Every structure is written in structure tokens, then in C-alpha cells.
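Everything below concerns the one structure shown next.
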Amino acid sequence: AQSVTQPDIHITVSEGASLELRCNYSYGATPYLFWYVQSPGQGLQLLLKYFSGDTLVQGIKGFEAEFKRSQSSFNLRKPSVHWSDAAEYFCAVASSGAGSYQLTFGKGTKLSVIP
Amino acid sequence: EPEVTQTPSHQVTQMGQEVILRCVPISNHLYFYWYRQILGQKVEFLVSFYNNEISEKSEIFDDQFSVERPDGSNFTLKIRSTKLEDSAMYFCASSAPSDMGNTIYFGEGSWLTVV
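So this is what it looks like as C-alpha cells:
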């Protein structure tokens, strides 16, 4: 069965500092990987996704993630964090059903940003 | 940008009552999902729905739950005889056919409180 581990429950960074959120997955085949962000009281917004091809993927809001098969990782990065980035971030891996996708989420990493 | 809309945003119900959560998926999407997030826990897959039938369901999705697409636009989750442990945020989601990118778009969630 697939699983996702986000080792950091809570991270605090200063505004303008760089950010890396860790994600490790367990999946038997080539994974489809996603990062979602959830602001307080909001739904899940897709930041970026990896299906195939270039292992460095760019997303919205200046985020990027790198797929490293050898490390079973898909870490999320941003070079300079803004206060509005404070939110909870979820990594997810997808298994494909009959045309549909079942996402397995990690427990999330809460990001706090210090002004 | 098209979005998934959910109603109600928050519902309080007494234990044992039936609840219907409603969703309007993105109009050209064909796959529909329900996920839930118990407070402080992971987002969990409940069910996927395609071509007017369930395509996958998790072990959480037992006989207490049912889904329906009563017309061309709505997608509902019914929870019969609610229990305290059904208190959670319920997310509806939808996705397009695989040739359109396979991104799963989430609504903002319906927060269910069972008392």
C-alpha cells in the first residue's frame, strides 16, 4: 500500500528566508506526486504535480519541487518565503484507478512565517 | 478559474441524524470524489465516482455512507445515522479525463460537527 511521510509537523521560518518541506513516499510503481496547500478555513489548493518527465517541477506562488526516485522524495522548496505562505502543506501520492485517482496524503506540515 | 463548490460550509447535527453534503463539481469533469479530514489527522480518501457509479471506495466508506449524482450538476454525500466520530471536514473534489492533466480539484470543504 502506498504511503506518504512528512517528517516535519511544524516549521517556522522568517519572511524572506528559503524554505524546504520534506516529503517521502512509498509506492510500488512510478508515482504521481502532488503538493497541496490549505490556508485556515480554506480548501486544498494544488501547488504543483509530478507525473513524468523533468524531475524539477514548477508550481504556483513561486514553489518548486524535485522528484528524486533514489531517495523516494518529493521535497517542496521556495527561495524566499512571504508572510502569505503561512498555511498547512500536504504532500500526496496518487494511485490510478479506472481513470480516477485516489490520493494518499501525508499528515501535513504547518508553516509559520515570522515577519 | 472554475472551482468546486460545496454546501453547507458548516453543519451541526445530532447523533443519529442523517446528513447530506452537497457539491457542484467543475462542469467538464467526469470523476468525482469525497475525502474527509478529521481534526488534526490526515486527509483520507472516501470514494470516487464515475459514470454514475462508484469506481473505488475506502474501508471507511461503509454502508453508513452513500453518494449520488441526482442531476447533471450536483454530487452528494449522504451519511446515515451520524456518529460522533463522523465529525470532520468533508472535501468534494473532481477531475477531468486523463488527457486533460489528471489534476484533482478540491472544494473548500463542509465542516460537519456531530453532537
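Protein chains in written order, with the working numbering: chain F, 868 to 982; chain B, 713 to 827.
C-beta: ideal position from N, C-alpha, C; glycine also.
Here the structure is a predicted model, which means the values were calculated and not measured.
{"query": "Please compile the residues from chain B whose C-beta is within a distance smaller than 7 Å of the C-beta of Gln909 (chain F).", "result": "Glu820"}
{"query": "Following the continuous beta strand (DSSP E) through Ser940 (chain F), name the residue where it begins and the one where it ends.", "result": "Ser940 to Lys945"}
{"query": "Going by the C-beta, is Tyr747 (chain B) closer than 8 Å to any heavy atom of the ligand MG?", "result": "This structure lacks the ligand MG, and indeed carries no ligand of any kind."}
{"query": "At the 9 Å Cβ level, is Ala800 (chain B) part of the contact set with chain F, yes or no?", "result": "no"}
{"query": "Can you list, in chain order, the residues of its chain whose CB lies under 8 Å from that of Glu931 (chain F), leaving out five sequence neighbours each side?", "result": "Leu915, Leu923, Val924, Gln925, Leu943, Arg944 and Lys945"}
{"query": "With a cut-off of 9 Å, does the C-beta of Gln969 (chain F) fall near any C-beta of chain B?", "result": "yes"}
{"query": "For my contact list, Leu758 (chain B) and Phe744 (chain B) are in at a C-beta cut-off of 8 Å; report their separation, rounded to the angstrom.", "result": "About 11 Å separates the two Cβ atoms, so there is no contact after all."}
{"query": "Shortest alpha-carbon distance to Phe761 (chain B) belongs to which of F:Ser870, F:Lys977 and F:Tyr968?", "result": "F:Tyr968"}
{"query": "Just to confirm, are Thr788 (chain B) and Gly728 (chain B) a CB contact at a threshold of 9 Å?", "result": "no"}
{"query": "Thinking C-beta only, is Asp783 (chain B) closer than 9 Å to Ile791 (chain B)?", "result": "no"}
{"query": "In three-state terms, what does DSSP make of Ile927 (chain F)?", "result": "helix"}
{"query": "Please classify Arg792 (chain B): does DSSP put it in a helix, a strand, or coil?", "result": "coil"}
{"query": "Run through DSSP, which three-state label would Arg889 (chain F) get?", "result": "coil"}
{"query": "Excluding five sequence neighbours on each side, which residues of the same chain lie with their C-beta closer than 6 Å to the C-beta of Leu733 (chain B)?", "result": "Leu789, Tyr802 and Ser822"}
{"query": "State the start and end residues of the unbroken beta strand (DSSP E) segment that holds Ile766 (chain B).", "result": "Glu765 to Lys769"}
{"query": "Is the Cβ-Cβ distance between Gly895 (chain F) and Gln869 (chain F) less than 9 Å?", "result": "yes"}
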